[in-house]
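S.K.: Residue numbers (the working numbering): 1484 to 1720.
The C-beta atom is built at its ideal place from N, Cα and C for all residues, glycine as well.
Encoded structure:
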């Protein structure tokens, strides 16, 4: 019997620091909600808007898989591994923080904001050598499809991480529907609706609503309007 939890966009934590306007799906920084600490191994899903020319100073991470998906604009990244890259809309970036890494991220543009999702997953292996990977996605694969952008496998589509997780980005036309099956038994799905309006197993999701579903083998998503969304299949333990 499938179980689900609905997270409406207006129930997220919110902090507007001026330079950063952040919405937190799970407890983060000064926002703590004991009901919303994590979903399976998904620990953080932050929906950040970074003002022009602003950003996050150098700060450390360890033993976390950190995935960045820009939604609008660019993000300049520098880290203690020697990477200095710009992540653009249409890219996906991952850092396996492992034994420890420091990085900074800022909006390199003085005339426009940057919007991004930053996602943290607990890894299945601790204290790995830190690593960085960034790719440019083929956005055309998202049209009325589940375009895989992340997996546990180096030779698979998308980036790879130290966790049995699969991420998909989709861009559905109005009235289109499609089913997605689990890759690994015991995993669950967490779906964030980026824009538009969809139903997931008949539950309606508006812009920035999310739903977690577990104890199921598949989900069916139908677009009520033209819609874009992110699906994360993740271990529940």
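Given this structure, state the Cα-to-Cα distance separating residue 1543 from residue 1576, to the nearest angstrom.
M.R.: Translated into the one-based positions of the chain shown, residue 1543 becomes position 60. Translated into the one-based positions of the chain shown, residue 1576 becomes position 93. Each residue's alpha carbon lies about 17 Å from the other.
S.K.: Could you compute how far the alpha carbon of residue 1630 sits from the alpha carbon of residue 1502?
M.R.: Start at 1 with the first residue of the chain shown, and residue 1630 comes out as number 147. Start at 1 with the first residue of the chain shown, and residue 1502 comes out as number 19. Whole-angstrom Cα-Cα distance: 32 Å.
S.K.: Name the two residues that bound the continuous beta strand (DSSP E) containing residue 1539.
M.R.: Position 56 of the chain shown holds residue 1539. First-last of the beta strand (DSSP E) with residue 1539: 1538-1544.
S.K.: To which residues does DSSP link residue 1714 through a beta bridge?
M.R.: Position 231 of the chain shown, counted from the start, is the residue given in the question as residue 1714. Its beta-bridge partners are 1651 and 1674.
S.K.: Helix, strand or coil: how does DSSP classify residue 1587 here?
M.R.: In the chain shown, residue 1587 corresponds to position 104, counting from 1. Looking at residue 1587 - three-state DSSP - the assignment turns out to be strand.
S.K.: In angstroms with no decimal places, state the Cα-to-Cα distance between residue 1646 and residue 1523.
M.R.: Indexing the chain shown from 1 puts residue 1646 at position 163. Indexing the chain shown from 1 puts residue 1523 at position 40. Taking the straight line joining both Cα atoms gives about 12 Å.
S.K.: Terminal residues of the continuous beta strand (DSSP E) containing residue 1506?
M.R.: Mapped onto the chain shown, residue 1506 falls at position 23. It spans 1503-1507 - the beta strand (DSSP E) in which residue 1506 sits, taken as one unbroken run.
S.K.: From what residue to what residue does the beta strand (DSSP E) around residue 1514 run?
M.R.: Taking the chain shown and counting its residues from 1, the one referred to as residue 1514 is at position 31. Looking at the DSSP string, residue 1514 is not in any beta strand (DSSP E), and its letter there is neither H nor E.
S.K.: Find out if the Cβ-Cβ distance for the pair residue 1652, residue 1713 is shorter than 7 Å.
M.R.: Here residue 1652 refers to the residue found at position 169 when the chain shown is read from its first residue. Here residue 1713 refers to the residue found at position 230 when the chain shown is read from its first residue. Yes, the pair counts as a contact, with Cβ atoms nearer than the cut-off.
S.K.: Counting only runs that start and end within the region 1554-1642, where is the beta strand (DSSP E) found for 3 or more residues in a row?
M.R.: The qualifying runs are 1557-1562, 1567-1571, 1574-1579, 1584-1589, 1597-1604, 1614-1619 and 1630-1634.
S.K.: CA-CA distance, residue 1597 and residue 1633?
M.R.: Counted from its first residue, the chain shown places residue 1597 at position 114. Counted from its first residue, the chain shown places residue 1633 at position 150. Residue 1597 and residue 1633: Cα-Cα distance of roughly 22 Å.
S.K.: For residue 1717, which residues of its own chain have a beta-carbon under 7 Å away from its beta-carbon, when the five flanking residues on both sides are left out?
M.R.: Indexing the chain shown from 1 puts residue 1717 at position 234. Contacts found: 1523, 1524, 1525, 1604, 1648, 1670, 1671 and 1673.
S.K.: Taking the C-alpha atoms as reference points, what is the distance between residue 1583 and residue 1692?
M.R.: Position 100 of the chain shown holds residue 1583. Position 209 of the chain shown holds residue 1692. For residue 1583 and residue 1692, the distance between alpha carbons rounds to 33 Å.
S.K.: Excluding sequence positions up to five away, which residues of its chain have a Cβ less than 6 Å from the Cβ of residue 1486?
M.R.: Numbered from its first residue, the chain shown carries residue 1486 at position 3. Same-chain partners within the cutoff: 1697 and 1698.
S.K.: For the beta strand (DSSP E) holding residue 1498, just list the boundary residues, first then last.
M.R.: Here residue 1498 refers to the residue found at position 15 when the chain shown is read from its first residue. It spans 1496-1499 - the beta strand (DSSP E) in which residue 1498 sits, taken as one unbroken run.
S.K.: Roughly how many angstroms separate the alpha carbons of residue 1641 and residue 1618, rounded to a whole number?
M.R.: Locating residue 1641 in the chain shown gives position 158, counting from the first residue. Locating residue 1618 in the chain shown gives position 135, counting from the first residue. Whole-angstrom Cα-Cα distance: 7 Å.
S.K.: What separation, rounded to the nearest whole angstrom, lies between the Cα atoms of residue 1518 and residue 1496?
M.R.: As a first step, residue 1518 must be located in the chain shown, where it is residue number 35. As a first step, residue 1496 must be located in the chain shown, where it is residue number 13. Straight-line Cα distance between these residues: approximately 12 Å.
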